[in-house]
Each structure stands twice: as structure tokens, then as C-alpha cells.
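Residue numbers (my numbering): 2 to 213. What follows is a set of notes on a single structure, which appears directly below.
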């Protein structure tokens, strides 16, 4: 399964979700590779920080920020249970290539009208990709969400009847994610029963069901 984490709007948490999805599947014994398709290389930076901390390797992270991704990712998938693509913001050629490579596209959005408006260009690219990949599955993921706020509820309601639909799993605005990233860790490594770790487990399970 190739899962692409995509949104042309930056700062929505694509890298955090990509790494944590990969980590959750790896924790369960599956073979996972993360493709860092963002020229900024944040996932590669995280992997290098993990090595500096002498932490065990959970999954491979490779840099592949080029528009031949749709040809190279399926080759990498031959030796993995899951490929997770950490996509770029505002690079249309790379985005199109990632869309053509993916089986499932996850579009992280924050509970803000600005994120909704910023996703419009992403949805146009998704529609174009479905001309060639009509079975391509896509879902919004509500990220950095303070569940009890009015704006979070309004965003969830707005996306409930949207195409693509919104996943039931939501990821909270939690300091644990930033703290873990600083040392090349994932939230479950600090506390496997933490709310952040439970949210990632639920998200990974829901995404896994989409592939069945």
C-alpha cells in the first residue's frame, strides 16, 4: 500500500503524520519505508536526529523529491508492506507524481477556514489524477485539533459531506508531538498509552481499513 500525505498548504502537519503512521505500522512488525518528497527534507532530518540519539531504526527514510516518483515508488513498494510519502507544499509537478503513485491520499487540514480554502488547489490536482487513477482513494484528516473548540466542530461539519470525505480519526493539538520530534522519537516511544499515541493507533487502523 502506498499512502501519500499531501496538501499544497504548508504547516498542516504532513511530516508528523507521515512519520507516525509509518512508526505505528513498523511497531506492529510491518515493513515500512518513508519517502521524503519535500525538498525541505524534514523527514530526513528527523531520521538523522534519531541516528544521532543512537535510537534503533524503525523504518527507512529516503529522499525522493523529484517528479519521477510515480515510477520509483511502486518499485520500492515491492519490498515493503507500506510506503508512506511525505509530500511537498506548492510543487505541482511533485504533487502530481505523488498522486499518480499513491493508492491512498490523505489530506491533513487544521480546524481553520484558511486550511479549507488552501486545499482547493489540492482538490483540483486530485481530480486530474483520478482521470488516470479512477480508483484512487482520498480522505481529509483533521489535524492539530482542539476537539472542544467551535471552529473544530464547524470544520468537521463542513467536511462531513465533502468529497473527499473526512476520516473519523482526529489528531489533537498536542505538545507531545513536538517534544518527540526534537529527539527523533515518536509519541508512543515516550508513553504508549498517551492520548497522542492512541490517536495515531486509531488513525493507522482506519487508514488500513481503506485498503481492504
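We put the beta carbon where it would ideally sit given N, CA and C, even for glycine. Just so it is clear, the structure is predicted and the values come from calculations on it, not from any experiment.
Range of the contiguous alpha helix (DSSP H) that encloses residue i
| i | result |
| --- | --- |
| residue 15 | 15-28 |
| residue 178 | 176-183 |
| residue 102 | 93-102 |
| residue 45 | 43-53 |
| residue 123 | 121-133 |
Three-state class that DSSP yields for residue i in the structure shown
| i | result |
| --- | --- |
| residue 192 | coil |
| residue 38 | coil |
| residue 61 | strand |
| residue 186 | coil |
| residue 145 | strand |
Continuous beta strand (DSSP E) stretch holding residue i: start and end
| i | result |
| --- | --- |
| residue 75 | No beta strand (DSSP E) contains residue 75, which is instead part of the alpha helix (DSSP H) from 70-78. |
| residue 167 | 167-173 |
Residues near residue i in its chain [Cβ-Cβ closer than 7 Å; skip 5 each side]
| i | result |
| --- | --- |
| residue 123 | 7, 8, 9, 108 |
| residue 195 | 177, 188 |
Contact set for residue i: own chain, Cβ-Cβ below 8 Å, skip 5 residues either direction
| i | result |
| --- | --- |
| residue 87 | 6, 15, 16, 19, 20, 35, 36, 37, 38, 39, 43, 44 |
| residue 174 | 145, 146, 147 |
| residue 192 | 177, 198 |
Own chain, CB closer than 6 Å to residue i, minus 5 neighbours either side, in chain order
| i | result |
| --- | --- |
| residue 204 | 170 |
| residue 61 | 34 |
| residue 48 | 62 |
Whole-angstrom C-beta distance between residue j and residue i, which should lie under 8 Å
| i | j | result |
| --- | --- | --- |
| residue 143 | residue 112 | 6 Å |
| residue 100 | residue 130 | 4 Å |
| residue 4 | residue 85 | 5 Å |
For residue i: DSSP bridge partner residues
| i | result |
| --- | --- |
| residue 107 | 6, 140 |
| residue 86 | 5, 36 |
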